[in-house]
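Right, one structure below, let's go through it.
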Amino acid sequence: AQMAGERFEAFMAKHGLRRASETESGLCADWRIELGGGQAAIGSRGRIFDIVVVGRPLKDHVTPSVAALEAALFDAGRPVMVAPPQPVDSMGRHVVIAWNGSTETARTIGFARPYLHSAEEITVVTVDKGLVPGPTGAELTQNLRRQGLGKVSFVEVPPGNRNVGEAILDETKKVGGDFLIKGAYTQSRFRQMIFGGATSHILAEADLPVFMAN
Numbered sequence: 006a007q008m009a010g011e012r013f014e015a016f017m018a019k020h021g022l023r024r025a026s027e028t029e030s031g032l033c034a035d036w037r038i039e040l041g042g043g044q045a046a047i048g049s050r051g052r053i054f055d056i057v058v059v060g061r062p063l064k065d066h067v068t069p070s071v072a073a074l075e076a077a078l079f080d081a082g083r084p085v086m087v088a089p090p091q092p093v094d095s096m097g098r099h100v101v102i103a104w105n106g107s108t109e110t111a112r113t114i115g116f117a118r119p120y121l122h123s124a125e126e127i128t129v130v131t132v133d134k135g136l137v138p139g140p141t142g143a144e145l146t147q148n149l150r151r152q153g154l155g156k157v158s159f160v161e162v163p164p165g166n167r168n169v170g171e172a173i174l175d176e177t178k179k180v181g182g183d184f185l186i187k188g189a190y191t192q193s194r195f196r197q198m199i200f201g202g203a204t205s206h207i208l209a210e211a212d213l214p215v216f217m218a219n
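In the working numbering, the protein residues as written are 6 to 219.
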C-alpha cells in the first residue's frame, strides 16, 4: 500500500494535480487506505462520487479483481469506468454504444451524457441475437440525432460464429471507437458464469475504456 501510495503521489505531482482540501474546490486528488471491509469498501465509498474507475480484471492476476469490479457495479449505485491494462491514445472522441434494448443499457446511457455531448462521433451497435424486448438501435440513433449530438450512426451486426461480446468488440474496433458504453449483466451473473455472456467477454478482453452501469 505504501509503494502504491508513493506512485500515486508522484503521478499527481507530475501532472500538476493538488491534494484534496476541505475548503478548496476544483480538480484535485486524494489517497485513502481503507482497513477492513475487503472489496465491499469500493462499493460503499463509491456512492459519494460521480464515477468509480476500476482496472479490467486480468487472468492469473490477483488485482484488479472481479470482486472489486462487481462491488463497484452492484453496490456503489454509480457508473463504473473499466480501464484497460494498457494506456490508450484517445478516449471519448468516437463513442460506441452497445445497445441491446435493456433497462441497464438505457440507464448507462443516461449516466454517460457528458461523454456523448463531447464526442465527435457516436456509433450505436446492435448484435442480432443480443437483443431484449425494447426500442431498436435505429430508434435510439434517431433520438440521439434529435438531441443535437455529434455525428451519430447505426450499425446492426450479424454475429456469425461469434458471441455477442466478441461481435461488439470487433465492430467497435472496425469503426474506430475509443470508448464503449454498455449496460452490465443484462443476464444474471450466475447465467453468465455458466453460459458466458457479452459483459463477461468484454470484461475479459476489452482493450479500450468501457463505461458501465447496472
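In this text, a Cβ means the ideal position worked out from N, Cα and C, and glycines have one as well.
Other residues of its chain near residue i: CB distance less than 8 Å, five sequence neighbours each side excluded
| i | result |
| --- | --- |
| A211 | R61, V87, P89, L174 and L185 |
| L154 | L121, H122, A124 and I127 |
| R98 | A124, E125, E126, D183 and F184 |
| V71 | P62 and L208 |
C-beta atoms of residue i and residue j nearer than 8 Å
| i | j | result |
| --- | --- | --- |
| R50 | E39 | yes |
| A172 | V137 | no |
| A218 | G188 | yes |
| A203 | G170 | yes |
| T113 | F13 | no |
| A34 | V59 | no |
| P140 | G115 | no |
| I47 | A73 | yes |
CA nearest to the CA of residue i, picked from the options
| i | options | result |
| --- | --- | --- |
| V157 | V215, D183 and V129 | V129 |
| D80 | A45, Q152 and V100 | A45 |
| D55 | R118, A111 and P164 | R118 |
| K179 | Q152, S107 and V100 | V100 |
| T177 | W104, H20 and S205 | W104 |
Residue i classed as buried or exposed, judged by whether at least 16 other C-beta atoms fall within 10 angstroms
| i | result |
| --- | --- |
| D94 | exposed |
| I102 | buried |
| N166 | exposed |
| L32 | exposed |
| P214 | buried |
| S26 | exposed |
| T110 | buried |
| E29 | exposed |
| G135 | buried |
| G75 | A small correction: the amino acid at residue 75 is Glu; Gly does not occupy that position in the sequence shown. With 16 or more other Cβ atoms within 10 Å, it is buried. |
Test: residue i CB closer than 8 Å to a CB of chain B
| i | result |
| --- | --- |
| V101 | Chain labels in this structure do not include chain B; a single protein chain is all it has. |
Close beta carbons around residue i, own chain, < 7 Å, minus the five adjacent residues each side
| i | result |
| --- | --- |
| R52 | A81, G82 and R83 |
| F159 | V129, G142, A143 and T146 |
| M96 | D183, F184 and P214 |
| R150 | V157 |
| P163 | D133 |
| I207 | G170, I173, L174, K187 and V215 |
Other residues of its chain near residue i: CB distance less than 6 Å, five sequence neighbours each side excluded
| i | result |
| --- | --- |
| R37 | none |
| V57 | G51, A77, A81, R83 and V85 |
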